[in-house]
Amino acid sequence: MTDAPKYGFETLQIHAGARPDPATGARQTPIYQTTAYVFRDAEHAAALFNLQEVGYIYSRLTNPTVAVLQERVATLEGGAGAVCCASGHAAQIMALFPLMQPGCNVVVSTRLYGGSVTQFSQTIKRFGWEAHFVDVDDTDAVAAAVDDKTRAIFCESIANPGGHIADLRALADIADDAGIPLIVDNTTASPYLCRPIEHGATLVVHSMTKYLTGNGTVTGGCVVDSGKFDWSASDKFPSLSQPEEAYHGLKFHETFGPLAFTFHGIAIGLRDLGMTLNPQAAHYTLMGIETLSLRMERHVENAKRVAEWLEQHDRVSAVTYAGLKSSPYYDRVAKYCPKGASGLFTVQLKGGYDACVKFVDSLELFSHVANLGDTRSLVIHSASTTHRQLSAEQLKAADAGPDVVRISIGTENADDIIADLDQALNKAG
Ligand SMILES: *Cc1c(COP(=O)(O)O)cnc(C)c1O
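The sequence shown maps to residues 1 to 429 in UniProt numbering.
Spelled out as structure tokens, the structure:
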């Protein structure tokens with residue numbers, strides 16, 4: 001499909017990046033289950049390896065099925081290009097890798113998926129990188145945390161698990177003033193509900209494992225680049241602005257312009273880190289994305305009804321859903337995700353830790369799993385599972401205290417979801 005922008009989201013989620021297969025006319029995107037691609041001749045091969053011509057060499061770098069998915073997600077996010085990779089966590093490393101050097105840091109929200117807190121507070125230290133954690137609602141603290149070694153600000157648009165909504169515009173302004181990119185993890189919102197690039201984000205990362213695929217069949221990730229950042233404006237981003245030895249002194253920004261970050265992600269990131277998405281997984285994700293808007297509408301409708309019902313329940317002390325009028329983030333929903341606040345939130349039970357465990361064990365329709373964004377309703381007790389590695393202070397900051405359960409509302413019949421929650425709450429005591 002060419003001139004994509006004239007189509008609406010619901011059309012693009014089905015068509016962007018795809019065209020009938022040139023070899024067979026196959027209407028659905030084929031799974032190109034191949035490792036390598038035959039070169040026309042030695043000259044063609046040399047041009048591909050020198051990045052003088054764009055084409056397929058080896059599936060660690062590029063694959064036609066994955067390429068359709070990359071174009072589709074980039075289009076839905078309003079970006080210039082995207083690089084898919086093996087998981088959401090891989091996407092976070094792939095986003096930071098071109099920006100960082102040993103001794104550099106990233107300013108990171110305290111309200112993140114537990115695995116991301118661990119990745120940023122522990123694992124990235126091994127690369128000589130550091131994370132400065134701040135409450136991103138305190139914009140003065142964010143600005144104060146940025147120093148001359150900071151190379152990015154990182155937050156989630158709708159935070160997992162608490163459903164807090166980041167003030168993307170305010171954070172983008174701080175990033176702009178510092179000459180660094182804002183990176184937004186848009187996993188919980190999906191591009192149907194929130195498009196961070198429109199609010200000033202430079203890079204958007206996804207765990208495609210969640211709403212994009214939408215049915216719990218795939219582990220995948222993606223980094224989308226807005227194409228708008230001037231990597232050559234300062235000496236902060238030499239990987240993108242300075243000569244690259246591995247490609248005979250090629251400068252990515254000068255050569256590829258708005259696609260510099262995307263080409264770097266493929267030609268250096270996937271080539272050398274090897275966190276490649278396989279074509280089979282790309283196919284499942286493409287199938288999922290075709291129904292993204294339909295699923296998100298239903299997730300939002302169900303979540304709103306269930307959250308309103310839970311808020312009235314006498315065994316419940318708090319519900320964090322940002323789509324509730326009682327939420328301090330209600331106004332930000334209107335600004336950043338006007339179609340709704342997704343299907344993920346936490347519930348605080350009056351009975352504390354023991355009631356949470358009994359509640360989770362008593363649910364029948366809900367599955368007790370470490371996943372979210374599935375058509376199925378899912379539940380987890382974050383403090384004893386996904387956020388287990390966090391300290392008491394980190395748990396509190398991430399809204400994952402011992403008396404809190406995380407709920408991902410599926411697309412089932414809302415009455416059935418409520419009935420299941422009701423019987424489990426009654427058993428939890
Ligand atoms: C799950 C998740 C991740 C990590 O993604 P994986 O695909 O599991 O690696 C990152 N961010 C958020 C918000 C998530 O929910």
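Just so it is clear, CB atoms sit at the ideal spot from N, CA and C, and this is done for glycine as well.
query: Excluding the 5 residues preceding and the 5 following residue 415 in the sequence, name in chain order all residues of the same chain whose CB lies nearer than 6 Å to its CB.; result: none
query: Identify every run of the alpha helix (DSSP H) within the segment 365-408, keeping only runs that are complete inside it and at least 4 residues long; order them along the chain.; result: 392-397
query: Is it true that the CB of residue 311 sits closer than 9 Å to the CB of residue 293?; result: no
query: When you compare the CB positions of residue 224 and residue 197, do they come within less than 9 Å of one another, or not?; result: yes
query: Which residue wins for smallest C-alpha separation from residue 77, given the options 170, 35, 205 and 367?; result: 205
query: Check whether the segment 43-63 and the segment 97-111 touch, using three or more Cβ-Cβ pairs below 8 Å as the test.; result: no
query: So, helix, strand or coil for residue 302, using DSSP?; result: helix
query: Under the assumption that residue 190 contacts residue 168 (Cβ atoms under 8 Å), give the Cβ distance between them as a whole number of angstroms.; result: The Cβ separation is near 15 Å, so there is no contact.
query: How many angstroms separate the CA atom of residue 303 from the CA atom of residue 129?; result: 38 Å
query: Report back the beta-carbon spacing between residue 379 and residue 404 to the nearest angstrom; my notes put them in contact at under 8 Å.; result: Wrong, their Cβ atoms sit about 11 Å apart, outside the cutoff.
query: At a threshold of 8 Å, does residue 336 count as lining ligand 1 (C-beta to nearest heavy atom)?; result: no
query: Would you kindly check if the distance between the Cβ of residue 319 and the Cβ of residue 346 is under 9 Å?; result: yes
query: When we look at the beta-carbon of residue 235 and count the other beta-carbons within 10 Å, is it buried (16 or more) or exposed?; result: exposed
query: Among 165, 28 and 62, which has the Cα closest to the Cα of residue 36?; result: 62
query: Determine contact between the segment 279-299 and the segment 7-15, defined as no fewer than three beta-carbon pairs at a distance below 8 Å.; result: yes
query: In whole angstroms, what is the alpha-carbon distance linking residue 383 and residue 214?; result: 24 Å
query: My parser needs the beta strand (DSSP E) runs of 3 or more residues fully inside the segment 47-100; what are they?; result: 81-85
query: Could you tell me the alpha carbon to alpha carbon distance between residue 157 and residue 183, rounded to whole angstroms?; result: 10 Å
query: Evaluate residue 19 with the Cβ neighbour count: other Cβ atoms within 10 Å of its Cβ, from every protein chain shown; 16 or more gives buried, anything less gives exposed.; result: exposed
query: Could you check whether the Cβ of residue 208 sits closer than 8 Å to any heavy atom belonging to ligand 2?; result: Absent from the structure shown: ligand 2. Ligands present: ligand 1.
query: Nearer than 8 Å: is that true of the beta carbon of residue 87 relative to any heavy atom of ligand 1?; result: yes
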